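Trainee: Chains V and G, in that order, give the protein sequences. Residue numbers are given in the numbering used here: position 123 of the first sequence equals residue 191, and the series is strictly consecutive. Residue numbers are given in the numbering used here: position 128 of the second sequence equals residue 148, and the series is strictly consecutive. Just so you know, even glycine gets a beta-carbon here, dropped at the ideal spot from N, CA and C. These numbers come from a predicted model, not from an experiment.
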Amino acid sequence: MQKRGQGEQFNWVFVLIAGAIVLAFFTVFTFQYIQLQEKRQNLRVAQTLGENIRLLESTEQALDADAFPLGGGFQFRYECAADHSFLTINNDYTQDVSDHLLFMPKLISTTAFRAWIAAWQYPYYITHILYFEHPDTHHYFIVDPVGQSFVTNLHLPRIFTATTFQRPSSLPADQTIHARVTFFTQTPPTAPELAAITQTIPHATIIHIQPIKDEVTFYDQNNDPVFHQSVAGKELLLGALFSDDPDQYGCLINRSLSAFDRTTRIYSEKAKLLPHLSQNPDCTYQTIHHSLLNYRQQPLHSSSSLRQSLEDQNRDLSGKGCQVVF
Amino acid sequence: MNSKAQLQTQETILVLFIVVVIILLGIAFFLRYQRQSILDERTTYERTQFQHMILTLPEDAAVRCSRFGQKENCVDTLKILAAAPFFQNDPDRYGTMNITFTQLYPAVPSVSCTTGTLTDCGVWTLYTQRPEHIRTTLKTVTPLSLYRPESDHYVLGLLTIERYTS
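#1: For I274/V and S153/V, what's the separation of their Cα atoms in angstroms?
#2: Whole alpha helix (DSSP H) runs in the region 271–328 of chain V with 4 or more residues, listed along the chain?
#3: Closer than 7 Å by beta-carbon distance: list the chain V residues that pair up with H72/G, in chain order.
#4: Check whether the Cβ atoms of T232/V and I210/V lie closer than 9 Å to each other.
#5: Is T156/G closer than 9 Å to Y184/G when the C-beta atoms are compared?
#6: Under 8 Å: do the region 39–46 of chain G and the region 58–76 of chain G share three or more Cβ pairs, one atom per stretch?
#7: At 4 residues or longer, and completely inside the region 190–220 of chain V: list those alpha helix (DSSP H) runs for me, N to C.
#8: Tell me the DSSP secondary structure of I334/V in three-state form.
#9: Given a cut-off of 9 Å, decide if G307/V and I197/V are closer than it, judged by their beta-carbon atoms.
#10: Using DSSP with H/G/I as helix, E/B as strand and the rest coil, what is V249/V?
#11: Quick check on DSSP: helix, strand or coil for N382/V?
#12: I want to verify the contact list: residues of chain B whose CB lies under 7 Å from the CB of K338/V, in sequence order.
#13: Is the region 335–345 of chain V touching the region 198–209 of chain V, taking contact as three or more C-beta pairs under 8 Å?
#14: In its own chain, which residues sit with a C-beta less than 8 Å from the C-beta of F295/V, not counting the 5 before and 5 after it?
#15: Report, in whole angstroms, the separation of the C-beta atoms of G200/V and L170/V, which I expect to be a contact under 8 Å.
#16: Exposed or buried, V95/G, counting other C-beta atoms within 10 Å across all chains shown (16 or more means buried)?
#17: Using CA coordinates, which residue listed in R375/V, S386/V, Q234/V and L320/V is at the minimum distance from V165/V?
#18: For a contact defined as C-beta to C-beta under 8 Å, what are the partners of T185/G on chain V?
#19: Quick one, which of S311/V, S346/V, D329/V and Q365/V has its alpha-carbon nearest Y146/V's?
#20: Which of the three DSSP states is assigned to M172/V in this structure?
#21: If contact means a Cβ-Cβ distance below 8 Å, which residues of the region 121–150 of chain V contact chain G?
#22: At a cut of 8 Å, does the region 77–89 of chain V reach the region 135–144 of chain V through at least three beta carbon pairs?
#23: List, in order along the chain, the chain G residues whose C-beta lies closer than 7 Å to that of K107/V?
#24: Assign L176/G to one of two classes, buried (16 or more other C-beta atoms within 10 Å of its C-beta) or exposed (fewer than that).
#25: Between which residues of its own chain and Y193/V is the CB-CB distance below 7 Å, once the five residues before and five after are set aside?
#26: Under 7 Å Cβ-Cβ, which residues of chain G neighbour Q347/V?
#27: Does any residue of chain G bring its CB to less than 9 Å from the CB of A86/V?
#28: Smallest Cα separation from R375/V: which of K388/V, F394/V and C390/V?
#29: DSSP on G142/G, reduced to helix/strand/coil?
#30: Note down, in chain order, each residue of its chain lying with its Cβ closer than 8 Å to the Cβ of Y53/G, except the 5 sequence neighbours on either side.
#31: Just mark Y125/G as buried or exposed, buried being the case when its beta carbon has 16 or more other beta carbons within 10 Å.
#32: Among residues of its own chain, excluding the 5 on either side of N221/V, which ones have a beta-carbon nearer than 8 Å to its beta-carbon?
#33: In the DSSP assignment, the alpha helix (DSSP H) including K99/G goes from what residue to what residue?
#34: Tell me, please, whether the CB atom of D140/G is closer than 9 Å to any CB atom in chain V?
#35: So which residues of chain V does S86/G contact, with C-beta pairs closer than 7 Å?
#36: Near L98/G, which residues of its chain fall below 7 Å by C-beta distance, leaving aside the five closest residues on each side in sequence?
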């Protein structure tokens with residue numbers, strides 16, 4: 069009887085151990101399988117991103133959340149370095165987006181994107197600039213009369229949710245984390261204005277854009293200015309509306325300047341080569357060659373007269389029956 | 021009875037052991053297959069990205085035609101020569117690759133165009149970096165419109181991109 073009891077006990081222990089081992093196998097298998105499926109999904113999201121970027125580049129249209137779904141919730145971490153920029157999906161797959169100038173939040177969890185593309189002309193085409201944001205983003209624009217006409221000329225596509233308020237005015241309460249407040253005003257926001265925004269929209273990213281000087285200022289959570297830079301062209305100014313990290317914005321501005329520098333140097337090289345092709349003695353390219361060299365050395369935001377002069381010189385070449393440079 | 025019961029238990033353990041081994045092998049095989057399929061998908065995606073380069077490169081401001089600052093749908097052959105040194109100095113970005121534009125029609129001598137030979141030539145190399153030993157070559161081509169500033173004419177050309185692995 070005692071032996072029989074021991075035998076039964078042994079059977080139970082055996083069944084329990086064997087069951088635990090089999091269960092452990094299936095559990096490990098399930099977790100491994102889930103991990104692999106997540107990897108696959110991250111890769112597919114990277115493919116979706118790549119396809120949509122190409123779509124934007126070829127159509128130059130804006131994509132709303134319905135046109136740019138991701139098929140699930142994903143976290144994106146965007147990193148910009150001097151030569152490269154990367155988009156890491158769910159801390160797993162890293163997509164190299166170095167070929168694109170992409171303005172978007174540094175860290176974003178979303179199921180879809182709103183996206184837009186604009187060609188940066190200064191005065192010639194330099195590159196495309198991409199803008200991505202969360203579909204729940206709400207832009208609050210605070211404008212003065214100068215800012216009002218600047219905002220009208222931005223031609224922001226309708227897919228973006230933006231409400232414009234005349235300064236001074238109080239903004240409606242908004243508790244969401246995707247609210248963005250931008251001042252398009254000649255003078256920076258005052259401390260009481262910033263304090264009022266913090267009260268009504270506590271998670272808002274606050275930016276000031278000086279529309280005449282093309283200057284951008286970011287404010288931190290204590291409403292202190294943390295970043296201030298002059299930028300070249302409304303396409304780069306617009307980038308501030310889609311960035312939430314001043315350092316990252318600064319990095320992208322530097323990368324855009326590198327793209328500008330490369331394009332300008334190519335045009336100045338072209339201006340050096342063009343005289344070899346022309347028999348027309350009126351076609352002199354020395355002036356425009358030097359103007360281009362000067363243009364790339366000057367701070368872009370203060371080069372409007374040189375820009376105008378370059379356009380005139382290029383037009384003059386055409387008027388003389390010569391090849392234009394750009 | 022006692023030894024019969026022992027034998028039965030040993031049999032059960034053996035059967036269970038075999039079943040567990042079979043399950044383990046199955047799981048290992050399945051997971052390995054899944055991993056490989058993800059790797060294959062990744063390789064296919066990277067290959068697709070390379071093939072898309074043929075669509076994006078002619079859009080690059082470095083080579084694209086422009087007139088009074090506005091983009092045009094062609095590649096400026098003079099800009100290829102002007103841009104080549106910038107591409108050549110960026111091997112980190114382009115790797116082991118060969119990017120060439122060739123004039124197809126009207127036919128011209130298949131002579132390489134350089135800053136010293138701007139006319140009577142029909143091949144422009146934007147970037148070239150060939151490894152010593154080439155294991156595989158991935159090649160993609162597309163026809164496009166080339167602009168020749170010396171004659172102010174648009175000609176039919178071909179863009180060829182080759183990527184090498186060593």
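Mentor: Result, derived from the coordinates:
#1: 24 Å
#2: 302–310
#3: R122
#4: yes
#5: yes
#6: no
#7: none
#8: helix
#9: yes
#10: strand
#11: helix
#12: Checking the listed chains, one finds no chain B in this structure; the protein chains it contains are V and G.
#13: no
#14: V284, T285, F286, P314, D315, Y317 and G318
#15: Reading off the sequence shown, one finds Phe at residue 200/V, where the question assumed Gly. Right, their Cβ atoms sit about 6 Å apart.
#16: buried
#17: L320/V
#18: Residues of chain V passing the Cβ test: none, with the nearest at roughly 18 Å.
#19: S311/V
#20: coil
#21: R122, E125 and S126
#22: no
#23: I58
#24: exposed
#25: A187
#26: The premise fails here: Q347/V is roughly 10 Å from chain G at the closest Cβ pair, so nothing lies under 7 Å.
#27: yes
#28: F394/V
#29: coil
#30: none
#31: exposed
#32: K302
#33: T97 to Q108
#34: no
#35: Y192, Y193 and F394
#36: P169
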